[in-house]
Every structure is written in C-alpha cells, then in structure tokens.
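Under this note's numbering, the first residue of the first sequence carries the number 967, and numbering increases by one thereafter. Note that CB positions come from ideal geometry on N, CA and C, so glycine has one too.
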Amino acid sequence: MARHLITSAIPYINGIKHLGNLIGSQLPADLFARYQRARGHEVLFLCATDEHGTPAELAAAKAGQPVAQYCAEMHELQSKIAAGFRLSFDHFGRSSSAQNHRLTQHFAGRLAEAGLIREVAEKQMYSPTDGRYLPDRYIEGTCPNCGFEDARGDQCDNCTKQLDPTDLINPRSTISGATDLEERETKHLYLAQSQMRDQLQAWIDSKTDWPILTTSIAKKWLNDGDGLQDRGITRDLDWGIPVRKGTELWPGMEDKVFYVWFDAPIEYIAAAQEWQDAGKGSDWERWWRTDKGAQDVTYTQFMGKDNVPFHTLSFPATILGSGEPWKLVDYIKSFNYLNYDGGQFSTSRGRGVFMDQALEILPADYWRWWLLSNAPESSDAEFTWDLFQANTNKDLADVLGNFVSRVTKFCRSKFGETVPEGGAWGDQEEALIKELDNRLRAYEGFMESMEVRKAAAELRAIWVAGNEYLQSAAPWSTFKENQQQSGAQTRLALNLIRFYAVVSSPFIPDAAAAMMSAMKTQDASWPQDVKAALGALPAGHAFEVPEVTFRKITDDEREEWKMRFAGKRD
RNA sequence: GGGCCUGUAGCUCAAUUGGUUAGAGCAGAGCGCUCAUAACGCUUUGGUUGGGGGUUCGAGUCCCUCCGGGCCUACCA
C-alpha cells in the first residue's frame, strides 16, 4: 500500500472563490485523492485558507469586523462550500493557526542560523491617514511616462510601464484617497534564495516528468535577468505571524509580521499538525519528516499557474534551507486558467459563477464532471453555458443516467426488483469484459499520471460500452424466446451499474453513492478483475429503481443563467 | 521590451516525442432499436493542421518569418 500526501493550493480568505479557482487546484486534487483512496492507498489530503496580508485586513475593515473574526467566519463559509462540492480534505486548516505560527517562526529561525536570512533597509510608502504602509498596488497617481491619472504604484495600466510608487505624480491611497503619503525607511528580512539557485536548478532539472507549464515557469524565474532574486518575507502589518527567530524575539523586527508568501506554504505542514490536534489522526510527522516515516510518502501538489513560482522555488528554498529532513514535493500538477464566456472570471465585477451560486442551481456532480472533463491542462479553457448544458446533458443524463434507468426499469418490469438468475455468458459478454478491461487499465493509467481530461474521456467510453452492449445483446428481444439468457444479460447490466459507481466515484461521488445505494450494496472495492467484479451482485440480490440520477438542464434554465451571471453579482 | 504557452473539423480536444490514409466526443445527415430521462446503437458529411518559406526519404511535430489568442515579468494572492 502506497502513501500519498496531497495538497491543494490554499485559497485566499478574502471572499468566495469562483469556478476557475476550483478547477485550478482543489477539484483535481480531490479527484486524485479520491482515486488513490479507492485504490486502497493511504492518503492525507490537506488544504487550508490563506488568511494573512493586506487584502484580508481591508476586507475585514469593509465588513466592519475585527480581522480575526472576519477570517474565522470566512473560513467557516469556505469550509462549508468545500464540503458542498464534496472536497474530501482530511483537514481544512487555517494559515493563522497556532501550529503555523510556531512552525513559520521555527523555519525562520533555522534559515537565519543557516545564514539564509538577511536584513534589508528599504523605503516604503506610509499613509498616516490609513495608519498603514501601503503596498504598491494600493497607491495610485499620475503616470510620469504617459500622464495617465490612475496609474497604479506597480505599473501603469495605460502605457504598461513598470513603475515605482515614488515615481507617481500626486500619489494617493486607493484605500482612503489620502494624499499625505510619506516615504519611510523600514527594515525587512529577505530570504536569500539566490544562494540556493544551483541547488534549486539541479532539483528542477531532475523533474523531467513534470508538466511543461510547471518547469517552464520555474526555469524562467531561475534564469531570468540576474537569476533568482532574494525575496522579502516580512511586512509592516498587524495581522500575521509575528516575526521571531524560532521562539526568540528578533531584534529590530518587533512590530513586523511574516509575509503571506512565506507562511502560506508552511501551512501545508502545519495543517497536518492541526489534523492531528483535531483528533483526526496521529503521528503527523510520519507524513512530513523523512527521518520519521515520510521517506516512502509520495507528495503531490496541485495549483494554478499563478502559484507555480512559490511552490517550485520559494517553498523548496525554505525547506532545503532549513537543513532539516522535511519532505519535498515529488510532483507538481499545475493548471492554466478557466475563462468565462469570452472573458475572464471577475471577482470584483461579479462576472462568472461563484462556488456558492453554483451549488444553489445544480448538484456538485454536474460541476465536478464538467470542470474536470474540461480542465485547463494544455491551455486556458473556456466555460460557456451552451457547452456546459450540452456536455452534462449528454454525458451524465443520457449516457450514464439513462443507462441506470433503462437497466433497472427493464429488470423491474420483466424480473422484478431482484437480480435475475439463470443463463450463461457468451461471446458478447466476453467481448464486453475485454473492452472494459482495456479501458479500465487505460483509465487507471491516466488517473495515476493525473491526465484529467483523458481520464474523463476514458471513463465516458466505459459508460458508452454499457449502452453498446445493451443494444447488441438486446435483453428485451431475447426475453421473448429465451428468458434465461435475457436474465443473464440483465444480471450483467445490473452489475455494470455497481461497476460504474465504483470507478466513477472520484469524479461524481454523490451519483456514485446513489447508484450503490440503489443496488443495495456496500461493495465499493476497485475492480482488479473486471470479470469477477461483474459478478459481485449475485442472482437473487435485491435492488431498487433509483430516482433519476441526472436530470437534464433545460434551455430556459440555460438562458436564465446566462443572464444572471453575466456581471454585477447580486 | 523580454520570456513562456498556444493556434488541428462548425464547437471542445487527441495524435505513442519525425514515420502509412491526421483521430475522438458534441453538433449536422441517414438508418436501426423500442428496455430507457424523445433516451440508446450503427453508418456518415466535414480538415491545404493560422499564412508563407526552409531542413528531411518523410513535418501537425524541427528551424525561420509573419498573423492571431493567452499568461508571466518578482508588493494581488
């Protein structure tokens, strides 16, 4: 039995995520976790909310709440929505946890001892009115290059010139509009990633089987310009993990906190501690310390392409730099973006479908199936309502749902609600078994290598094979002259429903559970031997005709949703 | 500006790393079936692989160039 540690990029606390965020990391991670569990492997699947930083503080202020309370409430909300999508996290943690505080401070201490932290004095814009230092993007002013009046502190949106906030003419705070900004000198800690460049380069170069999206982004950062740059890991904020050198105060850094890019990935480790402390498991180090049992763990990370630099460089630098035997990631599966109907999903403009809204209009399985079978693996992908309706109606309602329906209803009308007896398998049945065996092995291969779209296509072909079999065997015809044979065919078809439930469960867990329940079986064992698996429900076994497994999406609904999600949320 | 990814049938995607006649699903057309959610099955139409040039016995695949789409470029995560 193999052991799989699986993490999904941790979503930012600031609001409800859209479908693009979901398919970018959490959903494919869940698919992989469910598959590995179904194969009987030991899995620890972790995720969390990323709670620190300026956006969280501002969102809390806007909501009129203390930031800690805001984060606690948003965490609960995100947790609830994740459960609605059946994301099977073993633990959904928080980067603000006490465990992460200790661990982040511990790593900083170790890195300092290793000589990988240096102090840098730099100038930052401070807003007395807001009572805070302002990140570049929260400062606007007139572009010195083109005269555009709403240029941001990091870049002018009009002429695209890279800017420094101090370049702006008449700079102002985008939070309060205050113009009394002043430049202050402040000291920050930098992680000396540049010292680890060769080590990181060698590590990345050894990962020849990673998605090209992952390695190309990493290599660009390693080799661009002067090579890998050191990164600031502290900020002048209130909300965050206080800077400490291990458990000791850090002279000169008393009022500062670590920056989210430093503490967020460490939460992957802390989440395992939280998992144990919550009473869900034990011996968390067995998953994370190669000196304490994690040497045989396979660690896989899932993320959108925007997160690749931190997972390929910054976090590995943190782990390697600590000099301690922490588990390094074995495989990074990254995704492109999902667009919405010709443009991008937009949180600020309410364009596109958000996770809470999606669950209001349809069950999770519809979204899971469509998103996964159209995952943006090789390039950005696009969500349109026409495609969504056409694909889900065809795949889920017609091919799979109707199969369940036609088989169970036929059996009920001819043999009653028990698996019929008699008859024997012939050539058609052998051919079906052979095809299913071939396709199942291909499906397993795609799932192992996380080729999500190909896995979905293979699964669909497995469903189609059932319909082809029914058409050629035609138990409704054989019933007229040979009821024994019709019984054998129907018995096989009923067993296909259980078979489909088992192999489909990573994609559509609720429908799979409903199919298992209808077949009144608990036997969810993975079909090692297809022939044996299709005999799991013996003659005489009772079942019931289920409710419609997947109803169709109507044209009226499609048009209504098109309008509703075009922009301006609520 | 620099870099990366991408362009294949009306739509969404494949193509074993240069090897026969470029394949699937959807949509369209025809036929069949009648167990089923007007569902299912079979057959079938459809491509100058964005344009042009080159290397090669052979190019969707490699090189050059032009055109289109997207992303990154380090303080939004």
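Counted within 10 angstroms of its Cβ, other Cβ atoms place Asn1136 as buried (16 or more) or exposed: exposed
Supposed contact pair Leu985 and Ala1324 - C-beta distance, whole angstroms, cut 8 Å: 6 Å
Per-residue DSSP class, three states only, for Ser974: strand
Opposing strand residues paired with Ser1312 [DSSP bridges]: Arg1317
Simplified DSSP assignment, three categories, for Asp1393: For Asp1393, the secondary structure class from DSSP, reduced to helix, strand or coil, is helix.
6 Å Cβ shell around Thr973 - same chain, five flanking residues per side excluded: Answer for Thr973: Leu1012, Tyr1234 and Gln1267, listed in chain order.
Simplified DSSP state of Leu1304, which is helix, strand or coil: Shown here, Leu1304 sits in a strand according to DSSP, grouped into three states.
At least 3 beta-carbon pairs within less than 8 Å: the stretch 1376-1393 vs the stretch 1448-1462: yes
Beta carbon of Thr1515 nearer than 8 Å to that of Val1370: yes
CA nearest to the CA of Ile982, picked from Asp1322, Asp1262 and Glu1085: Asp1322
Cutoff 6 Å; reference His1537; Cβ partners in own chain excluding five residues on either side: The shown model of the chain, from 967 to 1536, leaves out residue 1537, and the question about it has no answer.
Cβ contact (3+ pairs, closer than 8 Å) linking the stretch 1107-1122 and the stretch 1049-1060: no
Phe1281 (DSSP reduced to helix, strand or coil): helix
Reduced DSSP secondary structure (H/G/I, E/B, other) of Gln1090: Strand.
Residue span of the beta strand (DSSP E) that contains Asn1136, given as start and end: Ile1135 to Ser1139
Span separating the alpha-carbon of Ser1345 from that of Tyr1303: 8 Å
Residue interval of the beta strand (DSSP E) (run including Met1269): Val1263 to Gly1270
7 Å Cβ shell around Lys1246 - same chain, five flanking residues per side excluded: Asp1056 and His1057
Three-state secondary structure (DSSP) of Ala1490: Taken through DSSP and simplified to helix, strand or coil, Ala1490 comes out as coil.
Unbroken stretches of the beta strand (DSSP E), 3 residues or longer, contained in the stretch 1053-1093: 1057-1060 and 1083-1093
Local conformation of Gly1019 per DSSP, three classes: Reduced to three states, the DSSP call for Gly1019 is coil.
Host beta strand (DSSP E) of His1007 (start-end): No beta strand (DSSP E) contains His1007, which DSSP labels as neither H nor E.
Where Val1514 sits in the DSSP three-state scheme: Three-state DSSP puts Val1514 in coil, outside helix and strand.
Segment limits, beta strand (DSSP E) that includes Leu1328: Premise fails: Leu1328 is in no beta strand (DSSP E) and is neither H nor E.
DSSP-derived helix/strand/coil call for Arg1535: Low local confidence applies: a pLDDT of 45 at Arg1535 is under 50, so the model's placement there is unreliable, with the coordinate-based value given in what follows. Reduced to three states, the DSSP call for Arg1535 is coil.
Simplified DSSP state of Leu1100, which is helix, strand or coil: If DSSP states are grouped into helix, strand and coil, Leu1100 belongs with coil.
Residue burial classification, Ile979 (beta-carbon count within 10 angstroms, cutoff 16): buried
4 or more residues per run - each alpha helix (DSSP H) lying fully within the stretch 1170-1199: 1178-1189
Phe1509 vs Glu1410 beta-carbon contact at 8 Å: no
Reference Ser1093, options Asp1331, Ser1142 and Cys1112, closest by Cα: Closest by alpha carbon: Ser1142.
Residue interval of the alpha helix (DSSP H) (run including His1041): Val1033 to Gly1050
Cutoff 8 Å; reference Trp1187; Cβ partners in own chain excluding five residues on either side: Leu1194, Pro1275, Thr1278 and Leu1279
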